[in-house]
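Participant: Here it is, the structure, as C-alpha cells.
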Amino acid sequence: MENALGIWGPQATLMAITASFTILGLVMLTLAMFMGRRWKPSYTFEIGFIAVMIGLVFYADWSSVNTYTAYQQDLNSEERKVAGNYAGEGEAAFDRVITVIAFQWGFGFINENEEMARNAAVVAPGEKVLFKIVSNDVIHGFNIPVAQITAEIDPDEKREMWIRAPDEPGKYLIQCVNYCGVGHSQMKAWLVVQDAAGDQMQETGENSNVNA
Amino acid sequence: MSTPEVSAMRAGNKAHWKPENLVGSISLKDLLFSNDYRHIALKGILTSLIMLAVGGSFAMIFRSELMVPDVQMLGAKVYMTLMTLHGMIMVFGFLIPMVVSICYYLMPRVLGTERLYWAGAAQWSYWLLIVAAVLLIVGRPDFTWTAYAPMSFRTGNPLIWMGHLAIFLVAVSEFLAGAVLVRNAFSGKGSWSNKPLIAWAAGTVGLLFMASTFPLAFIGLGLLGDGLEITAFFDPSRGGSVKFFLYVFWTYGHPAVYLPFVPAIAIIYTLMPRFLGYPMWSYWSGVVAFILLAIGAMPIGPHHFQPLYTISGPYERFVQFLTLLVFIPSVLHVFNWISTLFMKPIPASARRAIPFKFMILSIAFIVYGGATAFLNAQIAPDSDFIHNTYWIPAHFHAMFFGFVGQMAIAGFYYLYPYFTGRMFNQTLGNVHFWLWQIGLFTQITGMFVAGYLYFPRWVYDYLDIPGWATSQMFISMGGFLVGLGFIVFVANLAWSARYGKPAADDPWPVEHDGKTAPAAAPAE
Chain W
1 MENALGIWGP QATLMAITAS FTILGLVMLT LAMFMGRRWK PSYTFEIGFI
51 AVMIGLVFYA DWSSVNTYTA YQQDLNSEER KVAGNYAGEG EAAFDRVITV
101 IAFQWGFGFI NENEEMARNA AVVAPGEKVL FKIVSNDVIH GFNIPVAQIT
151 AEIDPDEKRE MWIRAPDEPG KYLIQCVNYC GVGHSQMKAW LVVQDAAGDQ
201 MQETGENSNV NA
Chain X
213 MSTPEVSAMR AGNKAHWKPE NLVGSISLKD LLFSNDYRHI ALKGILTSLI
263 MLAVGGSFAM IFRSELMVPD VQMLGAKVYM TLMTLHGMIM VFGFLIPMVV
313 SICYYLMPRV LGTERLYWAG AAQWSYWLLI VAAVLLIVGR PDFTWTAYAP
363 MSFRTGNPLI WMGHLAIFLV AVSEFLAGAV LVRNAFSGKG SWSNKPLIAW
413 AAGTVGLLFM ASTFPLAFIG LGLLGDGLEI TAFFDPSRGG SVKFFLYVFW
463 TYGHPAVYLP FVPAIAIIYT LMPRFLGYPM WSYWSGVVAF ILLAIGAMPI
513 GPHHFQPLYT ISGPYERFVQ FLTLLVFIPS VLHVFNWIST LFMKPIPASA
563 RRAIPFKFMI LSIAFIVYGG ATAFLNAQIA PDSDFIHNTY WIPAHFHAMF
613 FGFVGQMAIA GFYYLYPYFT GRMFNQTLGN VHFWLWQIGL FTQITGMFVA
663 GYLYFPRWVY DYLDIPGWAT SQMFISMGGF LVGLGFIVFV ANLAWSARYG
713 KPAADDPWPV EHDGKTAPAA APAE
C-alpha cells in the first residue's frame, strides 16, 4: 500500500547505508582487535573517508528534502498560517477532510458534515484523507503507524497531515507520541476503514494492528 | 617514540602514579568538604554510583511493569514519576557528574599540576546538584526530563515547583563544573599544541557547559514563574509561546548530550595510550574533532522537534544539514581509536584488563547507536517511525549507556587501585563485563525493534499488537541482566576494597609476550 510520505524507496536506501556504517565500524573494530597483520592507516585515507561521509551528508539532505517536499505539495502552506481558517484550494485534492482536536487525553474527529466522533476516524478504503489538527491545551503527537507518518501539534499552531487510507477494511491504530501529561498512555484512537457501501465492519479484529 | 617526553605528554600516557588507599584513610570531613582534587573526585564518583543505583532500581521497577501488555502494578502517575526520575537522575546525577569527576581526577595527574584549580567552584557544583536531587525526589515531578511547557506546570502536583527549581539548580551546577573544566584545561606546562587531548576535551566541552546552561537556567526560572503565574513566557493561554520554549530548551538540550559524551571521549584518549603503551594514531584529528563538535552542538537543537514544523523551509533544512554534518567529528574520533588499535600488536596485558575491555565494547556501542544518527537527522524518516517512538530511547541508550556509561565504568575500574590501593577481583569483573554487554545489546536491540514497530515513548500500558510485547520482554530481560551486572559490580568493589590483592606500584603495566615494556615516562 502507498504510504503517506511515500518514502519506502529512498528510506530503504538510507537504512541500508546506515546498516553498512554499523557493520563496517564493527568489522574494523574486530579486525583491529584480532587480525594478526598490523596496519597504520595513512592520513590521506582518513581524509578520503571523510570526503565520502560528506558526500553521503549531501545525499541524505537531498533525499529527505525531496521526499518531504513532495509530501507537502498538496498541503495549504499559506492558508495554514491564518488562525482558524482552513478553507483552501488544496482541499480539493483530497477525498475526505477531517478536523482533529487533540486534547488531554484523546482525539476528537469532526467530519465534513460537522459530526464529531471521539477516538474514531471513519474513512473509506484507499481514500486520500486530509487531517487538520489542532490542540487546545499542550503539545500532542499524532501518529498513524499504518500510514507511516507522525506529526506534533503545538497549541500555538494548526497542523495539516494527509494519508492514503489502507485498502483493507479494518481498524488501525492512531496514537499520541508526545508525552502530554499523566493520561498520555490512554491517548489513542482508531482509524476505521470501511467500504463505501457502509457495511458494518466485521468485528473480528483481525486487522486491528499496525502492520496490517 | 623518538621524542618520548613530547609524545607521552600529548598522548596523556605519562606512565603512572602510585596507588594509594584513599578510601581507607579519608575522614568524613575531608570527604564532604575537602578541596583536594582526589577527595572531590572520589566524592563525585561515589555519589554518581549511588545515583546509578537509584536510577537503575527505578528502571527495574518500570521494566517489570512493561514486560507484558496492560496494567500490572503501576499507575500512570507512579510510572511517569519513576520514568522522569530515572531520566533525570541518570543524566544529571550519574552520567555527567561521573565523567566530570573522573576528569577532575585525571586532569591534575595527566597535566602534572597535582591540583584542581577553582576547586571551590567544583565543591559548589557538587552540593547544588545534591540539593537539586533532593528537590526532585521530594517534589516527584512527572513531566519527563524535557519538561515541555505548558504540560509541565499543569500537572496538578502542588510540589511541582520543586522540579522547576531543580532544573535551575542543575543549570548553575553545570555552569560551575564547566568553568572548572575550562580553568584546568589552561593549567599545566606547555602550549596548546603540546597538551594532552583531555585538556582539549575539557576546554571545548567546558565552554559548551558554560554557554548552554544559560538557556537551561532560563527554562527553570521561566517554568517556575509561569507555574506560579508570576510570568507568562511559555503559557499560550496567557500570551506565552510554546515555540519559544522549544527553541530555548533545545539550545541547551542538544549540547546537553555532549556534556557527558565529550568527557567520556577524553577518558578514551587517556586510557587507550596507557593500556597500549603507544600514543594515539592522530593527535590533531582528535583536536579538530573536539572543536568541530563544540561548534556544531548549539545551533542544531531544533532537530529534536522536527515533526512539529508545519513547513520545512530553509531554516529547517539548515538544521537538518548541520545535524548530518555533526556526525563527522564523532566519526573522526572513532576512526582515530580504531586506527590506533590497528597500529601495533595489542599487548596481552591490555586484553586482560577489565577497563580496556569495557573501553573496546563502548566503542562498539558508539558505532551501533551512532550510525542511526545519520537516519534520525533527516526530516522524512524522522516523520515516519523515528520521532518519539522507542527508536529514540534505543539511540540514546546506546550512546548514553552503551558508550558514556560504560566509559564511566571503565574509568572507574582503571582508577580503582588508585583509590583503594588494591586490585578488584578479576573474575567478578569479567562476570560484570559480560552481563552488561549481553544485557545492553539485548535491551538496545529490543528498543530499536519496538521503535521500528511504532511503539510510543512514555506509556505504561500498551495494546497487544504483534511484536510489541515480544520486544518489550526482550528490553526488560536485557535490563534485568544489566541490573544483575551492577550488583556483581558493587559486590566486587566492596569485597575487593578490603580483601583484594594489594596493587603493585604500577597497577596497569604494559606486558607483551611475557615482557614488560619500559614505562613511557618515569613514575613519580
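Chains as they are written, first to last, in our numbering: chain W, 1 to 212; chain X, 213 to 736. Ideal Cβ placement from N, Cα and C applies to all residues, glycine included.
Name the residue from 179(W), 125(W), 148(W) and 190(W) whose alpha carbon lies nearest to the alpha carbon of residue 168(W).
Facilitator: As a working note, residue 168(W) is residue 168 in the first sequence. Of 179(W), 125(W), 148(W) and 190(W), the residue nearest in Cα terms is 125(W).
Participant: Assign residue 528(X) to one of three DSSP states: helix, strand, or coil.
Facilitator: Locating residue 528(X) in the second sequence gives position 316, counting from the first residue. Of the three classes helix, strand and coil, the one that applies to residue 528(X) here is helix, per DSSP.
Participant: How many angstroms separate the CA atom of residue 701(X) from the CA atom of residue 640(X)?
Facilitator: For this step, residue 701(X) is matched to residue 489 along the second sequence. For this step, residue 640(X) is matched to residue 428 along the second sequence. Rounded to the nearest angstrom, the two C-alpha atoms are 7 Å apart.
Participant: Spell out a yes or no on whether the region 428 to 437 of chain X and the region 116 to 131 of chain W are touching, meaning 3 or more CB-CB pairs, one atom from each, closer than 8 Å.
Facilitator: Counting Cβ pairs under 8 Å, fewer than three are found: no touch.
Participant: Is the Cβ of residue 13(W) closer than 8 Å to any Cβ of chain X?
Facilitator: Numbered from 1 along the first sequence, position 13 holds the residue referred to as residue 13(W). Output row for residue 13(W): interface = no.
Participant: Do you know whose CA, among 293(X), 532(X) and 616(X), lies nearest residue 571(X)'s CA?
Facilitator: Counting from one through the second sequence, the residue named residue 571(X) turns up at place 359. It is 616(X).
Participant: Measuring only between beta-carbons, confirm whether residue 288(X) sits less than 8 Å from chain W.
Facilitator: Translated into positions along the second sequence, residue 288(X) becomes position 76. Cβ-Cβ to chain W under 8 Å: yes for residue 288(X).
Participant: Within the 8 Å Cβ cut-off, does residue 40(W) reach chain X?
Facilitator: By 1-based counting over the first sequence, the position of residue 40(W) is 40. With 8 Å as the cut-off, residue 40(W) counts as an interface residue toward chain X.
Participant: Short of 6 Å in beta carbon distance, which residues of its chain neighbour residue 656(X), apart from the five on each side in sequence? Order them along the chain.
Facilitator: Here residue 656(X) is taken as the residue at index 444 of the second sequence, counted from 1. Contacts found: 606, 609 and 610.
Participant: Which bits of chain X does residue 155(W) rub up against, with CB to CB less than 9 Å?
Facilitator: The residue you call residue 155(W) lines up with position 155 of the first sequence. The contacting residues are 362, 448, 449 and 454.
Participant: Quick one: which unbroken alpha helix (DSSP H) runs of 4-plus residues sit fully inside the region 636 to 720 of chain X? Chain order, please.
Facilitator: Taking only runs of at least 4 residues, the alpha helix (DSSP H) segments lying wholly in the region 636 to 720 of chain X are 638 to 664 and 680 to 711.
Participant: Where do the N-terminal and C-terminal ends of the alpha helix (DSSP H) with residue 50(W) fall, by residue?
Facilitator: Counting from one through the first sequence, the residue named residue 50(W) turns up at place 50. Note, residue 50(W): alpha helix (DSSP H), 43 to 72.
Participant: Pull up the CB-CB distance for residue 575(X) and residue 549(X), whole angstroms please, since I reckon it's below 8 Å.
Facilitator: The residue you call residue 575(X) lines up with position 363 of the second sequence. The residue you call residue 549(X) lines up with position 337 of the second sequence. Correct: roughly 6 Å between the Cβ atoms.
Participant: Examine chain W for any beta-carbon lying closer than 8 Å to the beta-carbon of residue 532(X), and answer yes or no.
Facilitator: The residue you call residue 532(X) lines up with position 320 of the second sequence. Yes, residue 532(X) counts as interfacial toward chain W.
Participant: For residue 61(W), which residues in chain X fall below 8 Å Cβ to Cβ?
Facilitator: As a position in the first sequence, residue 61(W) is number 61, starting the count at 1. Near residue 61(W) (Cβ distances below 8 Å), the residues of chain X are 529, 532, 533, 536 and 590.
Participant: Keeping to the same chain, check which residues put their C-beta closer than 7 Å to that of residue 721(X); ignore five residues upstream and five downstream.
Facilitator: Against the second sequence, residue 721(X) aligns to sequence position 509. Once the five neighbours on either side are set aside, the close Cβ partners of residue 721(X) are 561 and 728.
Participant: Between the region 282 to 289 of chain X and the region 452 to 463 of chain X, do three or more beta carbon pairs fall short of 8 Å?
Facilitator: These segments do not touch.
Participant: Answer yes if the region 273 to 287 of chain X comes into contact with the region 666 to 683 of chain X, meaning at least three C-beta pairs across the two stretches below 8 Å, and no otherwise.
Facilitator: The region 666 to 683 of chain X vs the region 273 to 287 of chain X: in contact.
Participant: Anyone know if the C-beta pair for residue 95(W) and residue 127(W) falls short of 8 Å?
Facilitator: As a working mapping, residue 95(W) is identified with position 95 in the first sequence. As a working mapping, residue 127(W) is identified with position 127 in the first sequence. It is a contact, given that the beta carbons lie within the stated cut-off.
Participant: Between which two residues does the alpha helix (DSSP H) holding residue 497(X) run?
Facilitator: Here residue 497(X) is taken as the residue at index 285 of the second sequence, counted from 1. Per DSSP, residue 497(X) belongs to the alpha helix (DSSP H) from 495 to 509.
Participant: Tell me whether residue 118(W) sits in a helix, a strand or coil according to DSSP, three-state version.
Facilitator: One-based indexing of the first sequence puts residue 118(W) at position 118. Residue 118(W) falls in the strand class under three-state DSSP.
Participant: Report buried or exposed for residue 432(X), applying the criterion of at least 16 other Cβ atoms within 10 angstroms of its Cβ.
Facilitator: Translated into positions along the second sequence, residue 432(X) becomes position 220. So residue 432(X) counts as buried.
Participant: Interface residues of chain X around residue 131(W) at Cβ under 8 Å?
Facilitator: Numbered from 1 along the first sequence, position 131 holds the residue referred to as residue 131(W). Those within 8 Å of residue 131(W) in chain X number zero; the least Cβ separation is about 13 Å.
Participant: Can you give me the Cβ contacts of residue 586(X) inside the same chain, cut-off strictly under 8 Å, excluding the 5 residues immediately before and after it?
Facilitator: As a first step, residue 586(X) must be located in the second sequence, where it is residue number 374. Excluding residues within five positions, the ones whose Cβ falls inside 8 Å are 536 and 539.
Participant: In the DSSP output, which residue or residues are listed as bridge partners for residue 172(W)?
Facilitator: For the purposes of this step, residue 172(W) is identified with residue 172 of the first sequence, where counting begins at 1. 191(W), per the DSSP bridge assignment.
Participant: Hey, residue 299(X) and residue 263(X) are a contact pair by Cβ (cut 8 Å); roughly how many whole angstroms apart?
Facilitator: Looking up residue 299(X) in the second sequence gives position 87. Looking up residue 263(X) in the second sequence gives position 51. Actually they are not in contact, since the Cβ atoms of residue 299(X) and residue 263(X) sit about 12 Å apart, beyond 8 Å.
Participant: For a contact meaning CB atoms closer than 8 Å, what does residue 255(X) contact in chain W?
Facilitator: On the second sequence, residue 255(X) is found 43 positions in, with the first residue counted as 1. Simply none; closest approach about 34 Å.
Participant: Looking at the structure shown, is residue 79(W) part of a helix, part of a strand, or coil, going by DSSP?
Facilitator: The residue you call residue 79(W) lines up with position 79 of the first sequence. Unreliable placement is indicated for residue 79(W), whose pLDDT of 49 sits below 50; no coordinate value is reported for it.
Participant: Do residue 475(X) and residue 311(X) count as a contact pair if the criterion is CB distance below 8 Å?
Facilitator: Looking up residue 311(X) in the second sequence gives position 99. Looking up residue 475(X) in the second sequence gives position 263. Contact: yes.
Participant: Residue 629(X): buried (16+ other C-beta within 10 angstroms of its C-beta) or exposed?
Facilitator: Position 417 of the second sequence, counting from 1, holds the residue named residue 629(X). Under this definition residue 629(X) is a buried residue.
Participant: With residue 61(W) and residue 532(X) assumed to form a contact (beta carbons below 8 Å), what rounded beta-carbon distance in angstroms separates them?
Facilitator: Against the first sequence, residue 61(W) aligns to sequence position 61. Against the second sequence, residue 532(X) aligns to sequence position 320. Confirmed, Cβ separation roughly 6 Å.
Participant: Mapping DSSP to helix, strand and coil, what is residue 574(X)?
Facilitator: The count along the second sequence starts at 1 and reaches residue 574(X) at position 362. Three-state result, residue 574(X): helix.
Participant: Thinking C-beta only, is residue 323(X) closer than 8 Å to residue 408(X)?
Facilitator: As a working note, residue 408(X) is residue 196 in the second sequence. As a working note, residue 323(X) is residue 111 in the second sequence. Result yes, Cβ atoms of residue 408(X) and residue 323(X) sit closer than 8 Å.
Participant: What is the DSSP secondary structure of residue 84(W), counted as helix, strand or coil?
Facilitator: By 1-based counting over the first sequence, the position of residue 84(W) is 84. Confidence at residue 84(W) is low in this model, with a pLDDT of 43, below 50, so its placement is unreliable and the value that follows should be read with caution. It is coil, neither helix nor strand.
Participant: Alpha carbon to alpha carbon, how far is residue 110(W) from residue 158(W)?
Facilitator: Residue 110(W) sits at position 110 when you count from the first residue of the first sequence. Residue 158(W) sits at position 158 when you count from the first residue of the first sequence. Distance between the alpha carbons of residue 110(W) and residue 158(W) is about 15 Å.
Participant: Considering only residues of the same chain and omitting the five flanking positions on each side of residue 593(X), which have a CB-CB separation below 6 Å?
Facilitator: Within the second sequence, the letter at position 381 stands for residue 593(X). Contacts found: 587.
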